[in-house]
Structure formats: C-alpha cells, structure tokens
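Let me begin by presenting the structure, written as structure tokens, before commenting on it.
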Amino acid sequence: MKIWRLPERVGVNALSRKVIGRLWAEEDRLRARYPRLVPRQRSRRAVLHLDPMTVLGWHVTSHDAVLCHDLGPLTHPELFAPSVTALYERVYARIAERQPRMAFVSQASKAAFQRLYGTGSPATVIYPPIRTGVAGGAQHAVDGVEGLFLLTVGSIGRRKNQLASIRAFARAGLADAGYRYVICGSREPGSDAVIAEAEQTPGVILLPYVSDEQLRWLYAHARGFVLVSLLEGFGVPVAEAMRNGLVPLISADSVLEEVAGPSAIAVDPHSVEAIAAGMIQLAELRPDQIAARRVDLEARLDAFSMPTFVDAWRAFLRAEAEHRPAPLVASL
Numbered sequence: 001m002k003i004w005r006l007p008e009r010v011g012v013n014a015l016s017r018k019v020i021g022r023l024w025a026e027e028d029r030l031r032a033r034y035p036r037l038v039p040r041q042r043s044r045r046a047v048l049h050l051d052p053m054t055v056l057g058w059h060v061t062s063h064d065a066v067l068c069h070d071l072g073p074l075t076h077p078e079l080f081a082p083s084v085t086a087l088y089e090r091v092y093a094r095i096a097e098r099q100p101r102m103a104f105v106s107q108a109s110k111a112a113f114q115r116l117y118g119t120g121s122p123a124t125v126i127y128p129p130i131r132t133g134v135a136g137g138a139q140h141a142v143d144g145v146e147g148l149f150l151l152t153v154g155s156i157g158r159r160k161n162q163l164a165s166i167r168a169f170a171r172a173g174l175a176d177a178g179y180r181y182v183i184c185g186s187r188e189p190g191s192d193a194v195i196a197e198a199e200q201t202p203g204v205i206l207l208p209y210v211s212d213e214q215l216r217w218l219y220a221h222a223r224g225f226v227l228v229s230l231l232e233g234f235g236v237p238v239a240e241a242m243r244n245g246l247v248p249l250i251s252a253d254s255v256l257e258e259v260a261g262p263s264a265i266a267v268d269p270h271s272v273e274a275i276a277a278g279m280i281q282l283a284e285l286r287p288d289q290i291a292a293r294r295v296d297l298e299a300r301l302d303a304f305s306m307p308t309f310v311d312a313w314r315a316f317l318r319a320e321a322e323h324r325p326a327p328l329v330a331s332l
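Residue numbers for the sequence shown, in the UniProt record's numbering: 1 to 332.
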C-alpha cells in the first residue's frame with residue numbers, strides 16, 4: 001500500500017493526510033507545467049488505485065485497476081466548483097485513454113462512466129458493506145424529538161436536497177397532523193440555505209452531531225426515512241435505514257432505487273409537489289403495508305453485507321491476478 005509516494009508503514013494521521021494532500025496537489029500542478037522534471041511513478045507490479053485521483057501520478061496500464069465511487073462532478077457539474085470538475089475531467093480522460101480494469105460501487109456509477117467514456121475498460125460492480133453496529137445496541141433519546149416524525153440522515157447541503165424536502169414537508173401539511181421532520185448530518189456546501197429554511201418552517205428539527213446511540217433511537221422511533229438527493233455515489237444512509245426497518249422515500253431513477261428496490265417510495269427529486277405527495281404516502285402507510293415492504297427491503301440487504309463485499313473483492317483480485325504481470329500494489 002502506498003499513500004502518495006510514501007509506503008503505508010510510514011503511518012498517517014489526520015494532520016499528515018492534509019500535508020500529503022497539499023504536496024500531492026503541488027506535485028500535480030508542477031507536473032502539468034514541467035512533465036519531464038516531475039515524472040509519474042512507475043511500478044513493476046500492477047497498481048490498484050483506491051482513489052481515481054491517484055492515476056495522475058502514475059504510469060497507468062491495462063494491468064492496473066481503479067475503484068470508482070461516483071462521477072458527480074462530471075454528471076452534475078452544477079453541484080461542484082469548476083476546479084473540481086476540471087480535475088475529474090483530467091482524471092477520467094486519462095482512465096479512458098489507458099483503459100485499466102474498473103471497479104464501481106454501483107451499477108449507476110458504472111453506467112455513468114460507460115455513457116461518458118465507452119465500454120473499453122473491463123468493469124465490475126462491488127457494492128460497499130453497510131454498517132451493522134447502528135442496527136443494534138444501546139439507545140439514547142434525542143432531546144426535543146418526540147411524537148411522530150420523518151427522518152433524514154446524511155450530509156446537509158445542496159447535494160442531498162434537504163431544501164426541497166423541507167419545502168415539501170411544509171407543502172404536505174404534515175406539521176398540522178402532528179408530524180415533525182428531523183434532519184441530522186454534517187454540513188457541506190449549500191447548508192446555509194437549508195438551515196435558514198429549517199428555522200422558518202414549523203415542525204422541522206435540524207440536529208447537530210448525534211451519537212450512534214442517539215441515531216439508533218431515531219431509527220427506532222421514526223415513521224419513515226426521506227432521502228431525495230440530487231446525487232449519490234451509493235446511498236449508504238438509505239441502506240442503513242433499511243437495516244433498521246424503515247421504509248425510505250427516495251429519488252427516482254437514481255442509485256437509491258438500485259439500493260432500495262420497488263418497496264421504497266420513489267419520487268422526482270426536482271419536484272416539491274412530488275416529494276410532498278411521497279411524504280404523505282409514507283406517513284399514511286398502514287402497519288401491514290410497512291411490514292410487507294420490510295420483507296423485501298431486508299432481503300435486498302444481503303447484497304450489501306460484509307461477506308458479500310469480501311467475496312466480490314476476492315473474485316475481482318483473483319481475476320486481476322490472471323492477467324497482471326506481477327503481484328498487486330495499492331495506491332491511496
């Protein structure tokens with residue numbers, strides 16, 4: 001394993017990761033200006049790139065492999081800074097040129113890549129495992145949250161589309177029916193607008209950081225789960241909600257449908273009216289309807305278990321070994 005140009009045994013903490021990130025960015029900038037003075041790394045062994053960004057620093061061959069989470073800056077450039085989109089364009093143009101083997105975390109990511117760059121690179125989908133610890137253990141009630149509520153867990157900002165969800169909650173009139181809409185997660189670009197909308201919308205509770213014990217309590221007491229995001233690499237929050245027995249309201253025609261399947265309620269994430277209708281449908285599900293949907297949702301979770309994840313990576317690396325010239329080295 002190598003992190004930038006350093007072997008894993010050097011040891012990396014949060015501070016050194018920031019320093020390495022700055023050095024990597026500076027190296028990349030200098031290489032663009034002086035390619036002969038700042039050469040790319042070479043390896044006698046095949047390289048597994050656990051972050052696509054690292055392909056810029058290596059001589060990439062068809063014997064190598066790249067793990068891809070999502071192509072958001074390319075498919076949804078309006079959600080990212082222009083510099084980020086430009087970087088992704090360079091990275092994936094190089095990947096398309098060199099055609100290494102590709103591992104994607106979803107069929108949606110694989111389809112997006114092939115739509116943009118063709119099918120020249122051999123491609124496999126390996127679903128990430130979801131956390132199992134959140135589903136069991138001690139629970140701590142969250143102050144200020146009581147009665148009926150819908151729950152959203154995930155980064156708060158433009159990408160997760162909580163602004164539209166809050167407006168939909170108001171449009172649905174669920175606060176008048178005794179419901180609350182609880183949102184928790186870290187902040188990302190666009191969070192200021194979400195916070196402002198939450199503060200002026202009756203029934204919306206925007207939480208700061210919550211512990212695993214509090215998160216378990218929220219999952220255990222929520223009426224349903226809402227995540228109608230504009231972009232997801234995989235949709236771990238939805239999978240965790242399914243693990244905890246919640247029926248999710250999700251974005252139609254997205255990776256979230258790939259994760260949750262037909263027993264979720266799928267709506268147009270660009271339509272406040274559609275999201276509001278979905279929230280009403282979620283709130284009005286009878287216990288027998290919830291139980292029936294849970295059976296299907298729980299069955300889908302086998303695809304996101306740790307044993308399935310390990311078996312998939314083992315098969316991928318075994319196939320890689322059949323045609324690579326030497327043992328594998330990973331780059332992060």
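No residue lacks a Cβ here, since even glycine has one placed at the ideal position from N, Cα and C. Since the model is a prediction, treat every value here as computed from it, not as a measurement.
Query                                                                                                        : Result
The alpha helix (DSSP H) enclosing I126, as first and last residue numbers                                   : First-last for I126: undefined, no H or E at that position.
Among A220, M53, R171, nearest to T201 - alpha-carbon criterion                                              : R171
Three CB pairs or more closer than 8 Å across the segment 173-181 and the segment 239-247                    : no
Buried versus exposed call for P73 [16 or more other C-beta atoms within 10 Å across all chains shown]       : buried
Nearest to L23 (by Cα), restricted to the options T54, D253, Q107                                            : T54
A65, DSSP secondary structure in three states                                                                : strand
Those residues which DSSP pairs with L207 across a bridge                                                    : C184
V247 (DSSP reduced to helix, strand or coil)                                                                 : coil
Nearest to residue 360 (by Cα), restricted to the options Q139, Y92, V238                                    : The question about residue 360 has no answer, for the chain in this structure spans 1 to 332.
Buried versus exposed call for S186 [16 or more other C-beta atoms within 10 Å across all chains shown]      : exposed
Proximity of L150 and G235 at Cβ, strictly below 7 Å                                                         : no
Three-way DSSP call (helix, strand, coil) for I265 in this model                                             : strand
Reduced DSSP category for P327 - H, G, I as helix; E, B as strand; rest coil                                 : Unreliable placement is indicated for P327, whose pLDDT of 49 sits below 50; the coordinate value is still reported in the next sentence. DSSP places P327 in coil when its eight states are reduced to three.
Sequence-distant residues of the same chain with beta carbon closer than 7 Å to A274, five excluded per side : V267, D268
Cα-Cα separation, A46 to A96                                                                                 : 17 Å
Distance cut-off 6 Å: G118 Cβ against heavy atoms of the ligand MN                                           : Of ligands this structure carries none, so the ligand MN is not represented either.
Given S263 as reference, the closest of H270, A193, G278 once Cα atoms are compared                          : G278
Minimum C-alpha distance to D212 - residue among R115, V142, V182                                            : V142
Simplified DSSP state of V295, which is helix, strand or coil                                                : helix
Pairwise C-alpha distance: W313 and I126                                                                     : 7 Å
Cβ pair A123, F316 closer than 7 Å                                                                           : no
Delimiting residues of the beta strand (DSSP E) encompassing A103                                            : 101-104
Terminal residues of the beta strand (DSSP E) in which L148 lies                                             : 148-153
Three-way DSSP call (helix, strand, coil) for G224 in this model                                             : strand
Three-state class that DSSP yields for Q200 in the structure shown                                           : coil
Among R300, S155, I183, S83, nearest to I166 - alpha-carbon criterion                                        : I183
Short Cβ contact (7 Å threshold) for I250 with L227                                                          : yes
Spatial distance of A81 from R44 (CA atoms)                                                                  : 36 Å
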